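This report refers to the structure that appears directly beneath it.
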Amino acid sequence: MSSAFDLLLSQLLAEAPASDNREARGIQTPRVLVALASERQSPPTPEERQSLDALCRKIHVAGKVKASYGRSWRSRRGTPPLPRAFWPLLIAVLLAAGRLPEHAKAQVELGLALKCLNAALAALDLAAQIGEIPHLEELETEAARLLLQSEGMG
Amino acid sequence: MKTLDLTVLAHEGPQARAYLSRMHHSGFRPSRIVLMVQKRHPVTRKTVGRWLPKLMRIAYAEKTQDLAENYWPRQIRREQPELFATMREELSKILDAAPRILDDLLGAFRYELYCDRVDRILIDNLQDPTIADALAETPGAILFTGGGLLRANLLDLPGVRFLHVHPGYLPHIRGADGLLWSILIRHRPGASCFYMASGIDTGEVVAAEDFNPLGFDISHQERPDDQLLYRALLGYVDPLLRAELLVARVLNRDRDLDALPAIPQQESTGLTFHFLHPRLRAIALARVFRSDGKKPE
């Protein structure tokens with residue numbers, strides 16, 4: 001486990017802007033990210049897995065992440081994008097989920113880790129297009145470390 | 155030669171050719187081929203042969219599609235003969251008739267050699283109503299060979315069941331890049347044949363199999379870039395593995411192909427994957443195209 005990355009994740013969690021609309025309906029992406037970063041069960045709970053699946057899908061299929069979604073992560077017209085301030089946390093959450101389980105009980109755990117790493121790499125590319133995103137270098141370092149770890153699996 | 159009660163919905167390209175060739179070399183032929191000829195060029199999307207009389211237009215569009223969809227497999231054989239020879243030799247060790255299928259796949263393919271009834275239809279895309287009209291003539295089992303996502307206009311046709319072969323062991327590996335995700339996670343390729351449903355790779359499974367680990371030793375060659383190696387996998391390996399499962403595990407059964415025993419999938423058991431990022435794809439490709447002389451385990 002990379003302690004530098006864990007420190008970064010804690011820092012990002014602490015820096016995450018407070019949600020200013022607690023009454024908002026639907027799935028609030030920042031709240032999901034904060035929950036995923038705070039809990040970090042291993043293996044992920046079914047709810048965490050559903051959220052991670054949805055984030056991966058939004059990154060790969062839609063090529064963007066919105067600030068909120070409707071039921072079952074349905075996209076709603078006119079919804080603004082995820083604020084730039086949450087992008088480091090988004091990438092960090094995917095990288096944290098992308099850490100290879102030491103003793104994977106089932107291939108699905110390994111598969112989910114690699115799926116999240118895949119999405120983190122795509123999110124790093126998207127972040128580069130968005131503009132100045134803080135902590136990108138540290139996040140890239142962790143991505144590179146996980147890739148090396150994956151290489152060693154073969 | 156045994157004629158199966160099966161319609162092949164053919165999208166021109168390596169996959170349709172591999173299925174038909176593998177069937178042929180095992181003594182099977184479908185009862186009908188419906189060959190979807192695209193009105194637009196597959197790459198430029200410009201309308202093809204708009205002003206030609208219908209029959210000439212179909213022939214011209216078919217040729218255009220052949221050249222476009224089979225471009226990379228032919229190009230790789232021409233420009234990377236060593237790579238092609240290595241892959242052909244290794245595939246011949248694990249798959250029946252692989253060299254002959256590759257020859258058929260890359261040559262001048264005549265659909266009439268593989269079936270007594272070949273119907274060519276000119277279409278815009280998979281939502282074109284011409285397809286449904288054509289398939290309604292011969293309901294029953296339809297083999298889907300690609301060309302996009304099937305939607306309700308075809309999936310809901312009465313009396314029709316679409317068979318599809320996915321390059322991953324279901325339900326564990328669903329979605330895109332199944333071959334490479336299988337190699338990353340399961341360390342070997344796999345394939346599954348299922349009756350198509352509305353979700354991606356979610357239908358009832360007729361057969362699923364893991365193949366032996368795959369490896370091509372290219373240490374004696376200059377290693378081509380990952381994009382070319384990826385195209386080689388998609389052009390040669392993926393189609394042959396799917397065809398192998400189809401013929402050896404599905405068509406060989408002496409049963410109605412639209413009523414085969416099939417097991418519903420438990421979606422929570424597996425994952426739906428997306429296209430591999432180039433950096434993770436490089437790791438998967440390095441496991442298949444080995445430059446260190448080691449054999450896969």
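Going line by line, the protein sequences match chains H and X.
Going by this note's numbering, the first residue of the first sequence is number 1, and it counts up by one from there.
Going by this note's numbering, the first residue of the second sequence is number 155, and it counts up by one from there.
From the three backbone atoms N, C-alpha and C, an ideal C-beta is built for every residue, glycine too.
The structure displayed is predicted, hence computed values, not measured ones.
Run through chain X and tell me which residues come within less than 7 Å of H:E151, C-beta to C-beta. Translated into the one-based positions of the first sequence, residue 151 of chain H becomes position 151. Near H:E151 (Cβ distances below 7 Å), the residues of chain X are I437.
Checking contacts by CB at 8 Å: is X:R315 closer than that to chain H? Within the second sequence, numbered from 1, the residue matching residue 315 of chain X stands at position 161. So no, X:R315 is outside the interface.
So, is X:I255 buried or exposed, given that buried needs 16 or more other C-beta atoms within 10 angstroms? Walking along the second sequence from the start, residue 255 of chain X turns up at place 101. Around the CB of X:I255, 16 or more other CB atoms lie within 10 Å, so the residue is classed as buried.
Using alpha carbons as the reference points, say which of X:P418, X:L411, X:L383, X:N406 lies closest to X:S445. Position 291 of the second sequence, counting from 1, holds the residue named residue 445 of chain X. It is X:L383.
Taking C-alpha atoms, which residue in X:D159, X:V197, X:P207 lies nearest to X:P184? Start at 1 with the first residue of the second sequence, and residue 184 of chain X comes out as number 30. When only C-alpha atoms are compared, the closest one is X:D159.
Distance, Cα to Cα, X:L104 vs X:E363? A question about residue 104 of chain X goes unanswered here, because the residues of chain X that appear run from 155 up to 451.
Which chain H residues are close to X:T423, counting only those with a beta carbon under 8 Å from its beta carbon? Counting from 1 along the second sequence, the entry for residue 423 of chain X is found at position 269. Result: V108.
Flag this pair as yes or no: are the beta carbons of H:I59 and H:A144 separated by less than 8 Å? What you label residue 59 of chain H is simply residue 59 of the first sequence in a count that begins at 1. What you label residue 144 of chain H is simply residue 144 of the first sequence in a count that begins at 1. No.
Against chain H, with Cβ distances strictly below 8 Å, would X:L338 count as a contact? In the second sequence, the residue the question calls residue 338 of chain X occupies position 184. With 8 Å as the cut-off, X:L338 counts as an interface residue toward chain H.
Contacts that H:G111 makes with chain X (C-beta to C-beta distance below 8 Å): Walking along the first sequence from the start, residue 111 of chain H turns up at place 111. Those are H326, I327, W335, I339, G424, L425, F427, listed as they occur along chain X.
Mind pulling the chain H residues with CB within less than 7 Å of X:H431? On the second sequence, residue 431 of chain X is found 277 positions in, with the first residue counted as 1. Here the neighbours are N118, L121, A122.
Could you name the residues of the same chain whose beta carbon sits closer than 7 Å to that of H:R49, not counting the 5 residues immediately before and after it, in chain order? Against the first sequence, residue 49 of chain H aligns to sequence position 49. Here the set comprises L112.
Backbone secondary structure at H:A143 - three-state DSSP: Counting from one through the first sequence, the residue named residue 143 of chain H turns up at place 143. Residue state, collapsed to three classes: helix.
Mind checking if X:L276 is an interface residue toward chain H, Cβ cutoff 8 Å exclusive? Mapped onto the second sequence, residue 276 of chain X falls at position 122. It does not; no Cβ of chain H falls within 8 Å.
Suppose you measure from the CA of H:A85 to the CA of H:P44; what does that come to, to the nearest Å? As a working note, residue 85 of chain H is residue 85 in the first sequence. As a working note, residue 44 of chain H is residue 44 in the first sequence. Computed Cα separation, rounded: 25 Å.
Contacting residues, own chain, Cβ-Cβ under 6 Å from X:A397 (five flanking each side not counted): Residue 397 of chain X sits at position 243 when you count from the first residue of the second sequence. Result list for X:A397: A172, Y173, R176, in chain order.
Measuring straight from C-alpha to C-alpha, what distance separates H:L13 and H:A37? In the first sequence, the residue the question calls residue 13 of chain H occupies position 13. In the first sequence, the residue the question calls residue 37 of chain H occupies position 37. One C-alpha to the other measures close to 7 Å.
According to DSSP, simplified to helix, strand and coil, what is X:F427? The residue labelled residue 427 of chain X in the question sits at position 273 within the second sequence. Under the three-state reduction of DSSP, X:F427 is assigned to strand.
Cutting at 8 Å between CB atoms, please list the residues of its own chain near H:M1, excluding the five before and the five after it. Within the first sequence, the letter at position 1 stands for residue 1 of chain H. With a pLDDT of 48 at H:M1, under the threshold of 50, the modelled position of that residue is not reliable, and the figure given next carries that caveat. Taken in chain order, the residues that qualify are R99.
Taking all protein chains shown into account, do 16 or more other C-beta atoms lie within 10 angstroms of the C-beta of X:K247, making it buried, or fewer, making it exposed? In the second sequence, residue 247 of chain X corresponds to position 93, counting from 1. X:K247 comes out exposed.
Length of the line joining the Cα atoms of X:C347 and X:R231: For the purposes of this step, residue 347 of chain X is taken as residue 193 along the second sequence, with counting starting at 1. For the purposes of this step, residue 231 of chain X is taken as residue 77 along the second sequence, with counting starting at 1. C-alpha separation (whole angstroms): 29 Å.
Tell me whether X:G329 is buried or exposed, calling it buried when 16 or more other Cβ atoms sit within 10 Å of its Cβ. Here residue 329 of chain X corresponds to residue number 175 of the second sequence, with the count starting at 1. Per the 10 Å Cβ criterion, buried.
For X:E216, which residues from the same chain have a beta carbon less than 8 Å from its beta carbon, with the 5 sequence-adjacent residues on both sides left out? On the second sequence, residue 216 of chain X is found 62 positions in, with the first residue counted as 1. Taken in chain order, the residues that qualify are E166, L189, V191, R274.
Count the C-beta pairs between the segment 315-330 of chain X and the segment 422-433 of chain X that are closer than 8 Å, then say yes if the count reaches three, no if not. Contact between the segment 315-330 of chain X and the segment 422-433 of chain X is present, because at least three Cβ pairs lie under 8 Å.
Enumerated in chain order, which unbroken segments of the alpha helix (DSSP H) with a length of 4 residues or greater are wholly contained in the segment 78-127 of chain H? 87-97
Just the Cα atoms here: how many angstroms apart are X:T161 and X:P418? Here residue 161 of chain X is taken as the residue at index 7 of the second sequence, counted from 1. Here residue 418 of chain X is taken as the residue at index 264 of the second sequence, counted from 1. X:T161 and X:P418: Cα-Cα distance of roughly 24 Å.
Is X:I372 near X:L249, with beta carbons less than 8 Å apart? As a working note, residue 372 of chain X is residue 218 in the second sequence. As a working note, residue 249 of chain X is residue 95 in the second sequence. Cβ atoms of X:I372 and X:L249: not closer than 8 Å.
Taking three-plus beta-carbon pairs below 8 Å as touching, is the segment 313-322 of chain X in contact with the segment 278-298 of chain X? yes
Would you check if the distance between the CB atom of X:I277 and the CB atom of X:K200 is smaller than 8 Å? Residue mapping note: residue 277 of chain X aligns to position 123 of the second sequence, counting from 1. Residue mapping note: residue 200 of chain X aligns to position 46 of the second sequence, counting from 1. Against a cut-off of 8 Å, the Cβ pair of X:K200 and X:I277 comes out as no contact.
Whole-angstrom Cβ separation of H:R77 and H:Y69, contact assumed at under 8 Å? For the purposes of this step, residue 77 of chain H is identified with residue 77 of the first sequence, where counting begins at 1. For the purposes of this step, residue 69 of chain H is identified with residue 69 of the first sequence, where counting begins at 1. That pair is no contact at about 12 Å.
My assumption, with CB atoms under 8 Å, is that H:L82 sits in contact with H:L90. Please give the rounded CB distance. What you label residue 82 of chain H is simply residue 82 of the first sequence in a count that begins at 1. What you label residue 90 of chain H is simply residue 90 of the first sequence in a count that begins at 1. Confirmed, Cβ separation roughly 7 Å.
Determine the DSSP secondary structure at X:S373, reduced to helix, strand or coil. For this step, residue 373 of chain X is matched to residue 219 along the second sequence. Note: X:S373 maps to coil in three-state DSSP.
Thinking C-beta only, is X:L430 closer than 8 Å to X:L387? In the second sequence, counting from the first residue as 1, residue 387 of chain X sits at position 233. In the second sequence, counting from the first residue as 1, residue 430 of chain X sits at position 276. Not closer than 8 Å, so no.
Who does X:G329 pair with in a DSSP beta bridge? As a first step, residue 329 of chain X is located in the second sequence; it is residue number 175 there, counting from the start. X:F427, per the DSSP bridge assignment.
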